[in-house]
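Chemist: First residue of the sequence shown? That's 17 in the numbering used here, and the numbers climb one at a time after it. Each residue gets a CB set at the ideal place from its N, CA and C atoms; glycine is no exception.
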Amino acid sequence: MANIKLIIGLIITGIISFFIFMNLYPDFLWFQSFGYESIWWFRVKSEWITWIIFTLIAFGWLSFNAYIANKNSSIANKNASYDIQTPFAFLNQIINQFRQFMEQSQSDKSFALKTLSGVVYIAVLAISVIFGLSAKSWWEDLYLYLNQTSYGLNDPLFGHDVSFYLFSLPLFNHIQGWFIGLFIISLIFVGWIYFSRNILLVIFSKSKEFSAIKTHLISLLSVTFVLFAVGTWLGMFDLVLSENGVVYGAAFTDVNIIYPIKRILVGLFALEAVLILFLIFKPTFKLPYIGLALILLLHFFGLKFVPNIVQNVIVSPNELVKEKPFIESNIKFTREAYNLNRVAEKKFPVDYNLTANDIKSNTTIVENIRLWNQEPLKQTFSQLQEIRLYYEFMNVDVDRYMINGKPQQVMLSARELDSTQLSSQAQTWTNRHLVYTHGYGLCMTPVNEVTVDGLPEFFVKDLPPVAKHGLTINRPEIYFGEKTFDYVVVNTKQQEFDFPKGDLNVYTNYEGDGGILFDSFLKRLVYSIKFSDFKLIFSSLIGNESRLMYDRSINYIAKKIAPFLVYDQDPYLVLTEEGRMKWIYDAYTISNEFPYSEPFNARINYIRNSVKVVIDAYDGAIDYYMMDGDDPIIKAFNGVYKGFFKSQAEMPISIQNHVRYPKDLFTVQALILNTYHMEDPQVFYNREDVWQFPQETYEGSEKTMSPYYLVTKLPGDKKESFVLMLPFTPTNKNNMIAWLAASSDLDSYGQFTVLKLPKEKTIYGPMQIESRIDQDTEISKNLTLWGQMGSRVIRGNLMIIPIEGSLLYVEPIYLQAETSKLPELKRVIVSYDDKVVMGKNLMDAMFQVFDVPYDFLEEEPVKEMVVKLADETSIEQVIRVFNHLKQSLSESNWSDFGVKMTELDQVIQSLKP
Numbered sequence: 017m018a019n020i021k022l023i024i025g026l027i028i029t030g031i032i033s034f035f036i037f038m039n040l041y042p043d044f045l046w047f048q049s050f051g052y053e054s055i056w057w058f059r060v061k062s063e064w065i066t067w068i069i070f071t072l073i074a075f076g077w078l079s080f081n082a083y084i085a086n087k088n089s090s091i092a093n094k095n096a097s098y099d100i101q102t103p104f105a106f107l108n109q110i111i112n113q114f115r116q117f118m119e120q121s122q123s124d125k126s127f128a129l130k131t132l133s134g135v136v137y138i139a140v141l142a143i144s145v146i147f148g149l150s151a152k153s154w155w156e157d158l159y160l161y162l163n164q165t166s167y168g169l170n171d172p173l174f175g176h177d178v179s180f181y182l183f184s185l186p187l188f189n190h191i192q193g194w195f196i197g198l199f200i201i202s203l204i205f206v207g208w209i210y211f212s213r214n215i216l217l218v219i220f221s222k223s224k225e226f227s228a229i230k231t232h233l234i235s236l237l238s239v240t241f242v243l244f245a246v247g248t249w250l251g252m253f254d255l256v257l258s259e260n261g262v263v264y265g266a267a268f269t270d271v272n273i274i275y276p277i278k279r280i281l282v283g284l285f286a287l288e289a290v291l292i293l294f295l296i297f298k299p300t301f302k303l304p305y306i307g308l309a310l311i312l313l314l315h316f317f318g319l320k321f322v323p324n325i326v327q328n329v330i331v332s333p334n335e336l337v338k339e340k341p342f343i344e345s346n347i348k349f350t351r352e353a354y355n356l357n358r359v360a361e362k363k364f365p366v367d368y369n370l371t372a373n374d375i376k377s378n379t380t381i382v383e384n385i386r387l388w389n390q391e392p393l394k395q396t397f398s399q400l401q402e403i404r405l406y407y408e409f410m411n412v413d414v415d416r417y418m419i420n421g422k423p424q425q426v427m428l429s430a431r432e433l434d435s436t437q438l439s440s441q442a443q444t445w446t447n448r449h450l451v452y453t454h455g456y457g458l459c460m461t462p463v464n465e466v467t468v469d470g471l472p473e474f475f476v477k478d479l480p481p482v483a484k485h486g487l488t489i490n491r492p493e494i495y496f497g498e499k500t501f502d503y504v505v506v507n508t509k510q511q512e513f514d515f516p517k518g519d520l521n522v523y524t525n526y527e528g529d530g531g532i533l534f535d536s537f538l539k540r541l542v543y544s545i546k547f548s549d550f551k552l553i554f555s556s557l558i559g560n561e562s563r564l565m566y567d568r569s570i571n572y573i574a575k576k577i578a579p580f581l582v583y584d585q586d587p588y589l590v591l592t593e594e595g596r597m598k599w600i601y602d603a604y605t606i607s608n609e610f611p612y613s614e615p616f617n618a619r620i621n622y623i624r625n626s627v628k629v630v631i632d633a634y635d636g637a638i639d640y641y642m643m644d645g646d647d648p649i650i651k652a653f654n655g656v657y658k659g660f661f662k663s664q665a666e667m668p669i670s671i672q673n674h675v676r677y678p679k680d681l682f683t684v685q686a687l688i689l690n691t692y693h694m695e696d697p698q699v700f701y702n703r704e705d706v707w708q709f710p711q712e713t714y715e716g717s718e719k720t721m722s723p724y725y726l727v728t729k730l731p732g733d734k735k736e737s738f739v740l741m742l743p744f745t746p747t748n749k750n751n752m753i754a755w756l757a758a759s760s761d762l763d764s765y766g767q768f769t770v771l772k773l774p775k776e777k778t779i780y781g782p783m784q785i786e787s788r789i790d791q792d793t794e795i796s797k798n799l800t801l802w803g804q805m806g807s808r809v810i811r812g813n814l815m816i817i818p819i820e821g822s823l824l825y826v827e828p829i830y831l832q833a834e835t836s837k838l839p840e841l842k843r844v845i846v847s848y849d850d851k852v853v854m855g856k857n858l859m860d861a862m863f864q865v866f867d868v869p870y871d872f873l874e875e876e877p878v879k880e881m882v883v884k885l886a887d888e889t890s891i892e893q894v895i896r897v898f899n900h901l902k903q904s905l906s907e908s909n910w911s912d913f914g915v916k917m918t919e920l921d922q923v924i925q926s927l928k929p
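As structure tokens, then:
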């Protein structure tokens with residue numbers, strides 16, 4: 017029998033050990049392949065140590081209480097009279113009736129005791145493990161607490177530094193919640209032991225034979241009340257995150273009603289913890305019952321009913337007067353939390369006095385006006401440059417490069433490989449995991465250049481990549497990207513597909529250090545089990561020099577290595593001066609514990625873009641650069657993970673030149689700024705000057721305008737910079753009231769500028785410009801005609817370009833055949849002051865507005881690029897012939913239909929863009 021138990025024990029131990037090994041070892045190898053095995057080990061070690069410590073605490077405490085309960089139960093005289101006495105006769109009667117019922121139902125006490133003795137310690141172990149696991153998840157909070165630094169800003173209610181709320185309070189709440197849970201479970205557990213032996217009710221007895229049991233239970237209850245007092249005391253600090261007032265944070269009612277009541281409750285809980293101890297010696301003592309009633313009354317009546325009365329009777333009739341200091345705190349702390357306190361405000365007069373010379377002196381700005389929108393360009397890339405079905409452009413990114421000594425805004429996209437798009441016959445294990453392993457190259461086009469056919473000019477294109485203007489690609493292979501989901505094995509006896517070349521394919525072998533080296537049978541066995549794919553063991557194509565790459569999506573890699581950061585939705589590709597392709601991924605530190613700060617989407621109320629992640633597309637080498645040395649959260653994490661972050665100074669120049677301010681963060685900050693640009697409490701309270709994101713027309717429907725990148729010169733600046741920009745309009749109005757710009761250049765990175773427009777005159781907003789475009793008869797007729805000619809007219813994003821104190825509005829027009837997914841840029845609409853014109857291209861439109869010679873913009877006059885729009889007579893002729901066509905078709909007059917079709921074709925050819 018003993019041998020069988022030993023064998024069963026060994027089997028169970030072996031199974032548990034196997035699952036632990038399979039959970040840990042592959043992860044270790046994965047982290048090791050990226051050079052972060054020390055981070056993995058630190059994290060695993062910390063989690064396990066935390067789990068073990070708190071499991072042992074729980075086990076020790078529960079075992080101790082179980083031992084005391086068993087000991088007390090064994091020496092108690094179960095035949096003695098309970099002599100139940102409480103201060104209340106009705107309660108005595110209820111307890112006695114319940115005791116009699118239990119005595120009648122427990123006919124076999126010996127069986128109950130035998131059963132109990134075998135279950136108690138199993139229950140103790142199970143509960144302890146659960147409590148240990150619950151504590152395991154907040155080990156990081158402990159390290160952050162130990163590595164916190166002062167924020168340098170104190171809350172106005174308690175006078176604590178903000179770091180107390182970011183680091184200390186969360187840990188204290190975890191610990192208090194854990195211990196109160198442990199003591200409540202202890203009470204239930206011990207009560208269950210006594211209850212199963214029918215001696216639980218002796219706590220109401222005067223008999224001295226049960227004093228040990230009473231002491232045990234009442235002492236546990238007393239400590240529980242002490243923990244409730246601690247929890248209520250900690251809960252007072254949550255008032256700085258209150259949602260009870262007119263703004264987020266402690267308000268009048270919180271400070272003057274709820275805060276004092278909570279302080280009283282702390283004292284009552286502490287007093288109750290003392291009073292309840294007297295029940296050990298005097299069961300008829302009434303004060304503990306009175307104290308408990310007061311606590312319940314004050315909790316439900318004082319914290320719910322009284323604040324509502326005060327709010328409605330005292331605060332609401334005089335809300336601004338009562339809440340003004342709290343509104344001031346909310347404004348101050350919200351602007352601090354979202355890094356808006358450093359926003360520079362400037363006036364932008366908007367004088368429409370631009371001349372041809374002004375345009376000439378700002379050619380860098382004009383030549384960087386973005387004419388390509390991301391979605392149409394993505395479709396164009398797909399049609400022209402995917403080349404094979406299994407290639408895909410995930411999205412199009414915006415960046416800037418130095419081209420011929422001048423900043424040039426470009427749009428680019430990585431050509432990634434999607435093996436699921438292989439033909440069904442090619443969907444073999446060898447193809448998916450050994451042959452089709454990587455994407456190849458990228459497409460890059462300037463934002464403003466267009467061919468005669470309305471297609472983008474390319475700086476980088478084709479397979480193998482053809483680059484110009486000094487751009488080079490030495491490593492076009494993409495093993496780590498946005499769409500690299502399959503696991504692959506490289507450097508095998510089977511060559512990898514590199515790229516197609518005519519009717520043939522070019523093959524290659526991986527030459528890097530990325531992935532996990534398959535230099536042992538154990539590794540192959542482990543991953544065969546992990547992937548349920550034993551071909552990794554038995555395939556003769558895999559050798560000791562082969563490398564396994566899995567979980568290689570850049571999104572997954574960054575999050576798995578540093579899960580404590582929050583990541584942007586749009587990683588973007590960079591082609592470095594060394595010819596390597598790297599991804600830049602913005603990462604944020606966030607919190608929802610910043611006092612008085614207004615939450616965004618009910619999730620966060622503090623955010624910083626503290627980290628830039630750089631990932632090599634070829635070997636997966638990943639670095640985390642700390643960009644905001646003032647952020648206390650990232651400083652704390654830097655203390656926790658020593659040596660993990662690199663400094664901004666260590667970032668290569670070729671990466672620094674492509675850092676950009678992230679749209680996700682900018683959007684959050686802009687949404688907060690809509691309201692929190694008002695710093696006067698009275699203006700804020702009355703919502704007198706609330707802004708909103710403007711609307712625009714895109715692809716024929718109305719949508720909210722998104723921030724966009726552009727090269728421009730901000731007022732007071734001596735040179736152009738790469739900025740992220742967004743205009744604002746007043747709430748429920750369409751005129752433009754201000755615009756926000758954030759610098760992306762490293763020497764001024766993150767500098768915010770709000771340009772406020774004059775309120776005494778109307779500045780056209782995006783929707784007003786869209787309306788002017790719709791109301792222009794020439795433009796409207798052409799757009800309508802093209803739509804009737806079987807083409808889909810796509811109105812692109814409206815761009816607002818600030819130049820020399822003026823605003824230029826630019827909107828591209830694309831045409832796409834109904835049977836094709838190849839949008840072509842055919843027109844550019846420019847609006848300035850009271851003019852709205854449509855040109856064949858930007859230069860043509862600028863010529864119409866400013867009478868700017870082409871040589872001002874360093875372009876030769878191109879006859880076919882200057883198009884005279886059709887006059888009204890031609891348009892009317894098309895409409896007349898088209899109506900005849902419809903009539904002939906309805907009458908089935910095919911001869912007349914053919915004549916009119918020929919006539920229509922002739923007219924269309926004369927108008928065709």
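Suppose contacts are defined by Cβ-Cβ distances below 8 Å. Is residue 487 in contact with residue 591 by that definition?
Modeler: By 1-based counting over the sequence shown, the position of residue 487 is 471. By 1-based counting over the sequence shown, the position of residue 591 is 575. In contact: residue 487 and residue 591 (Cβ atoms closer than 8 Å).
Chemist: Suppose you measure from the CA of residue 292 to the CA of residue 161; what does that come to, to the nearest Å?
Modeler: As a first step, residue 292 must be located in the sequence shown, where it is residue number 276. As a first step, residue 161 must be located in the sequence shown, where it is residue number 145. Straight-line Cα distance between these residues: approximately 35 Å.
Chemist: According to DSSP, simplified to helix, strand and coil, what is residue 747?
Modeler: For the purposes of this step, residue 747 is taken as residue 731 along the sequence shown, with counting starting at 1. DSSP places residue 747 in coil when its eight states are reduced to three.
Chemist: Considering residue 726, what are the terminal residues of the beta strand (DSSP E) in which it resides?
Modeler: On the sequence shown, residue 726 is found 710 positions in, with the first residue counted as 1. Where residue 726 is concerned, the enclosing beta strand (DSSP E) stretches over 724-728.
Chemist: Output the boundary residues of the alpha helix (DSSP H) element that contains residue 524.
Modeler: Within the sequence shown, residue 524 is the residue found at index 508, counting from 1. Looking at the DSSP string, residue 524 is not in any alpha helix (DSSP H); the run it does join, the beta strand (DSSP E), is 520-524.
Chemist: With distances taken Cα to Cα, identify the nearest neighbour of residue 811 among 389, 30, 71, 151.
Modeler: Within the sequence shown, residue 811 is the residue found at index 795, counting from 1. Ranking 389, 30, 71, 151 by Cα distance to residue 811 puts 389 first.
Chemist: Pairs of beta-carbons, one from the segment 726-739 and one from the segment 786-806, closer than 8 Å: are there three or more?
Modeler: Judged by Cβ distances under 8 Å, the segment 726-739 makes no contact with the segment 786-806, as fewer than three pairs qualify.
Chemist: State the DSSP-derived secondary structure class of residue 117, mapped to helix, strand or coil.
Modeler: As a working mapping, residue 117 is identified with position 101 in the sequence shown. At residue 117, the pLDDT of 49 sits below 50, so the modelled position is not reliable; the number obtained from the coordinates is stated separately. The answer is helix: DSSP assigns residue 117 an H, G or I state.
Chemist: Put residue 8 into one of helix, strand or coil per three-state DSSP.
Modeler: Residue coverage of the chain in this structure runs from 17 to 929, which leaves residue 8 outside it and unanswerable.
Chemist: Quick check on the DSSP output: the beta strand (DSSP E) that includes residue 536 runs from which residue to which?
Modeler: Along the sequence shown, one-based indexing puts residue 536 at 520. From DSSP, residue 536 is part of no beta strand (DSSP E); its letter is neither H nor E.
Chemist: Which term fits residue 386, buried or exposed, when burial requires 16 or more other beta carbons within 10 angstroms of its beta carbon?
Modeler: Here residue 386 is taken as the residue at index 370 of the sequence shown, counted from 1. Its Cβ being crowded by 16 or more others within 10 Å, residue 386 is buried.
Chemist: Would residue 633 pass as a contact of residue 496 if the rule is Cβ separation under 8 Å?
Modeler: Sequence index remark: in the sequence shown, residue 633 carries index 617 (1-based). Sequence index remark: in the sequence shown, residue 496 carries index 480 (1-based). Cβ distance < 8 Å, so residue 633 and residue 496 count as in contact.
Chemist: Give me the residue from 722, 618, 679, 607 with the minimum Cα distance to residue 179.
Modeler: Within the sequence shown, the letter at position 163 stands for residue 179. Nearest of 722, 618, 679, 607 to residue 179, Cα basis: 607.
Chemist: From what residue to what residue does the beta strand (DSSP E) around residue 855 run?
Modeler: Your numbering for residue 855 matches position 839 in the sequence shown. Looking at the DSSP string, the run of the beta strand (DSSP E) that includes residue 855 is 851-855.
Chemist: For a test of the three-state rule: what should DSSP assign to residue 647, helix, strand or coil?
Modeler: Numbered from 1 along the sequence shown, position 631 holds the residue referred to as residue 647. Residue state, collapsed to three classes: coil.
Chemist: Using DSSP's beta-bridge definition, name the partner residues of residue 707.
Modeler: Here the question's residue 707 lines up with position 691 in the sequence shown. 746.
Chemist: Taking the C-alpha atoms as reference points, what is the distance between residue 135 and residue 81?
Modeler: The sequence position of residue 135 within the sequence shown is 119, counting from 1. The sequence position of residue 81 within the sequence shown is 65, counting from 1. Approximately 15 Å, taken between the alpha carbons.
Chemist: Spatial neighbours of residue 865 within its chain, please: CB distance less than 7 Å, with the 5 preceding and 5 following residues excluded, ordered by chain position.
Modeler: What you label residue 865 is simply residue 849 of the sequence shown in a count that begins at 1. So the qualifying residues of the chain are 846, 848, 851, 853.
Chemist: So within the segment 331-401, which uninterrupted alpha helix (DSSP H) runs reach at least 4 residues, ignoring any that extend past its ends?
Modeler: Runs of the alpha helix (DSSP H) inside the segment 331-401: 335-353, 372-377, 379-382, 390-401.
Chemist: Should residue 28 be labelled buried (16 or more other beta-carbon atoms within 10 Å of its own) or exposed?
Modeler: Mapped onto the sequence shown, residue 28 falls at position 12. Answer is exposed; the Cβ neighbour count stays below 16.
Chemist: To the nearest angstrom, how far is it from the Cα of residue 344 to the Cα of residue 822?
Modeler: Here the question's residue 344 lines up with position 328 in the sequence shown. Here the question's residue 822 lines up with position 806 in the sequence shown. The straight-line gap from Cα to Cα measures roughly 35 Å.
Chemist: If you run the structure through DSSP and keep just helix, strand and coil, what is residue 24?
Modeler: Position 8 of the sequence shown, counting from 1, holds the residue named residue 24. Three-state DSSP puts residue 24 in a helix.
Chemist: Can you name, in chain order, every residue of its own chain whose Cβ lies under 7 Å from the Cβ of residue 202, other than the five neighbours on each side?
Modeler: Here residue 202 refers to the residue found at position 186 of the sequence shown. Within the same chain, residue 202 has close Cβ partners 77, 78, 81, 236.
Chemist: Spatial neighbours of residue 131 within its chain, please: CB distance less than 7 Å, with the 5 preceding and 5 following residues excluded, ordered by chain position.
Modeler: Here residue 131 corresponds to residue number 115 of the sequence shown, with the count starting at 1. At residue 131, the pLDDT of 46 sits below 50, so the modelled position is not reliable and the matter cannot be decided from this model.
Chemist: Using only alpha-carbon positions, find the residue among 430, 143, 828 that is nearest to residue 713.
Modeler: Reading the sequence shown from its first residue, position 697 is the one you call residue 713. Comparing Cα-Cα distances from residue 713 to each of 430, 143, 828, the minimum goes to 828.
Chemist: Would DSSP call residue 642 helix, strand or coil?
Modeler: Translated into positions along the sequence shown, residue 642 becomes position 626. Here residue 642 sits in strand by DSSP.
Chemist: Can you pull the DSSP bridge partners for residue 135?
Modeler: Counting from one through the sequence shown, the residue named residue 135 turns up at place 119. Answer is none; residue 135 lacks a bridge partner.
Chemist: Quick one: what's residue 848 bridged to in DSSP?
Modeler: Reading the sequence shown from its first residue, position 832 is the one you call residue 848. Note: residue 848 sits in a beta bridge opposite 851.
Chemist: Using the rule of at least 16 other Cβ atoms within 10 Å of the residue's Cβ for burial, across every protein chain shown, is residue 659 buried or exposed?
Modeler: As a working note, residue 659 is residue 643 in the sequence shown. Residue 659 should be labelled exposed.
Chemist: Given that a residue counts as buried once 16 or more other Cβ atoms are within 10 Å of its Cβ, and exposed if not, what is residue 15?
Modeler: With the chain covering only 17 through 929, there is no way to say anything about residue 15.
Chemist: Examine the ligand GTP and report whether any of its heavy atoms sits within less than 7 Å of the Cβ of residue 355.
Modeler: With respect to the ligand GTP, the structure shown offers nothing to examine, as it has no ligands at all.
Chemist: Does residue 414 come out as helix, strand or coil in the three-state DSSP assignment?
Modeler: Residue mapping note: residue 414 aligns to position 398 of the sequence shown, counting from 1. Reduced to three states, the DSSP call for residue 414 is strand.
Chemist: Report the residue from 142, 303, 347, 314 whose alpha carbon sits nearest the alpha carbon of residue 695.
Modeler: Reading the sequence shown from its first residue, position 679 is the one you call residue 695. Here the closest residue by C-alpha is 347.
Chemist: Write down every uninterrupted run of the beta strand (DSSP E) in the segment 741-796 whose length is 3 residues or greater and which is fully enclosed by it, in chain order.
Modeler: Counting only runs of 3 or more, we get 754-759, 768-772.
Chemist: Evaluate contact between the segment 552-563 and the segment 523-540, counting only Cβ atoms and requiring at least three cross-stretch pairs below 8 Å.
Modeler: Yes, they touch.
Chemist: Whose C-alpha, out of 23, 693, 264, is nearest the C-alpha of residue 612?
Modeler: Within the sequence shown, numbered from 1, the residue matching residue 612 stands at position 596. Measuring from the Cα of residue 612, the nearest candidate turns out to be 264.
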